[in-house]
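In what follows, a structure is listed as structure tokens, so that the remarks can point back to it.
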Amino acid sequence: MKLELDQDGHLVNYTDWNESVAQQLAESLDIHLTAWHFKVLNGVRQFYQQFGYAPATRPLIKFLMKTVDGEITNMILQQQFNTGLVARQLSRLAGVPKPANCL
């Protein structure tokens, strides 16, 4: 499937997202998504739908702790998603725009 991405690798239209799209995006980052990953990505999408913007790392982690798993930390997300840029990577895989504070 050919995805329409912006210059930063994010979906142009976030409604094009589904689990197959997320896995396709993850493969380019050498990540295999599990049910746990999809819970987190759906949490990112929920944040975006609820607040209307892609979250920065701290608000995202607080939101995920309340809605997905109280044990989520920045370190766990970095390890599980193979990145130091948590908010940007999760937003990309969740199909939402790049957070405004990301370079």
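1 is the number of the first residue of the sequence shown in UniProt numbering; add one for each residue after it. Ideal Cβ positions, reconstructed from N, Cα and C, are used throughout, including at glycine.
Along the chain, where does the alpha helix (DSSP H) that runs through residue i open and close?
i, result
"LYS2", "Careful: LYS2 lies outside any alpha helix (DSSP H) and carries neither H nor E."
"GLU27", "19 to 27"
Take residue i and list the residues in its own chain whose beta-carbon comes closer than 8 Å to its own, dropping the five residues that flank it on each side.
i, result
"ARG45", "TYR14, TRP17, ALA94, GLY95, VAL96"
"ILE61", "ILE72, THR73, ASN74, LEU77, VAL86"
"GLY84", "GLN78"
Just to confirm my understanding: we take residue i, look at its own chain, exclude 5 residues before and 5 after, and list those with CB closer than 6 Å. What are they?
i, result
"PHE47", "PRO55, PHE63"
"ASP6", "VAL12"
My understanding is that residue i touches residue j, with C-beta atoms under 8 Å, so please give their C-beta distance in whole angstroms.
i, j, result
"LEU41", "LEU90", "7 Å"
"VAL86", "LYS39", "In fact, because the Cβ distance is near 15 Å, the residues do not count as touching under 8 Å."
"ASN82", "LEU29", "6 Å"
Compare the C-alpha of residue i against each of the options and name the closest.
i, options, result
"ARG88", "GLU4, LEU3, HIS10", "HIS10"
"PRO99", "GLU4, GLU27, ASP8, HIS37", "ASP8"
"GLN80", "GLN49, TRP36, PHE51, GLY43", "TRP36"
"MET65", "LYS2, ILE31, GLY43", "GLY43"
Skipping 5 residues on each side, what residues in its chain have a beta carbon closer than 7 Å to that of residue i?
i, result
"LEU33", "ALA22, GLN23, ALA26"
**Prompt:** Just checking, does the segment 55 to 75 make contact with the segment 18 to 34 on the three C-beta pairs under 8 Å criterion?
**Reply:** no
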